[in-house]
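What follows is one structure encoded as structure tokens, with my remarks underneath.
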Amino acid sequence: SSIEAANASLVPNPTFSMLLYQDGGEFYQDGGRKSALDSEISMDAFKKWTQFYTSYKFPLLADFPNRFRTGEMPIGIADYTTYNMLTVLAPEIKGLWEFTMVPGTEKDGTIHHEVASHTTGVMMLEGARDQEAAWEFMKWWTDKDTQIAYGREMEGLMGEAARYPTANVEALEELPWPVKDYRNLENQWKWVRGIPQVPGGYFTGRHLDNAFRKVVNASENPREALSDYLLYINDEIAVKRKEFNLPEQ
């Protein structure tokens, strides 16, 4: 949808988020008062992310399912709904591939597999005419049994391509995943981390992408590019905190 397309640039890039979290970094500091992307961990993660495209020449855009099907791109990191697509798009390689946890980063003797979650949500607006009915619907819709029924019906009507990526962990367990694949999902789920939402935080994803483009398209120094755009991110956070009468220090 147009809303999803508009929001895409507001969400911090999943590759950067994964690298940042696996190295122990954070997006915000001081209780959300300012960005934490000026840390050395963040600078290293940003440099590593951009080097995939500057040093290793990753394509900026690629049709992964088709390239995977032909063997041109034999490995990839993608959200788990790609599994559904491949089961339908590539029947000729059925049984010849599998998915597992994302590659990790070794730190303190432990391999960290953190990834950032990206989900949709359900909310009630303050001006809802019947708030009680809206609340009952929200509870019903997010309930385990409702999510299971919806997921099974979707897959029954449309096949494996429509396997439902529910955010209800208990419901996910009862959807028709092969046991081995579900175990991989279960193990990865333990490493999922949310990205905090702060006033003005929509500038974080947008300006991360802008800094990335400066490095990849204009050969700018990664540290300088990210530092420049951090000024805009912190300015917007400060403006929004003032607008909402939140402590600035």
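Under my numbering, think of the first position of the sequence shown as 27, with each following residue one higher. Yeah, the Cβ is synthetic: ideal placement off N, Cα and C, and Gly gets one too.
Asked                                                                                                                      : Found
Cα-Cα separation, Trp160 to Glu66                                                                                          : Just to set this straight, residue 160 is Ala in the shown sequence, not Trp. Distance between the alpha carbons of Ala160 and Glu66 is about 45 Å.
DSSP state of Ala25 mapped onto helix, strand, coil                                                                        : The shown model of the chain, from 27 to 275, leaves out residue 25, and the question about it has no answer.
Simplified DSSP assignment, three categories, for Glu186                                                                   : helix
Under the three-state DSSP convention, the category Ser27 falls into                                                       : Residue placement at Ser27 cannot be trusted, given a pLDDT of 41 that sits under 50; the coordinates are not used to answer.
DSSP beta-bridge partners of Tyr54                                                                                         : Ser61
At least 3 beta-carbon pairs within less than 8 Å: the region 88-100 vs the region 69-80                                   : no
Opposing strand residues paired with Ala142 [DSSP bridges]                                                                 : Arg219
Alpha-carbon spacing of Pro117 relative to Met127, whole angstroms                                                         : 23 Å
Reduced DSSP secondary structure (H/G/I, E/B, other) of Asn124                                                             : Asn is not the amino acid found at residue 124; the sequence shown has Glu there. Note: Glu124 maps to coil in three-state DSSP.
Nearest neighbour of His144, chosen from Asp49, Thr230, Val218 [CA to CA]                                                  : Val218
Other residues of its chain near Val224: CB distance less than 7 Å, five sequence neighbours each side excluded            : Tyr54, Gly58, Ile263
Nearest-angstrom Cα separation, counted from Ala175 out to Glu140                                                          : 30 Å
Cut-off 6 Å between Cβ atoms - residues of its own chain near Gln214, not counting five sequence neighbours on either side : Met127
Segment contact, 8 Å Cβ cut-off, at least three pairs: the region 105-124 with the region 177-191                          : yes
Within the region 65-113, ranges of the alpha helix (DSSP H) (whole runs, at least 4 residues)                             : 66-80, 90-96
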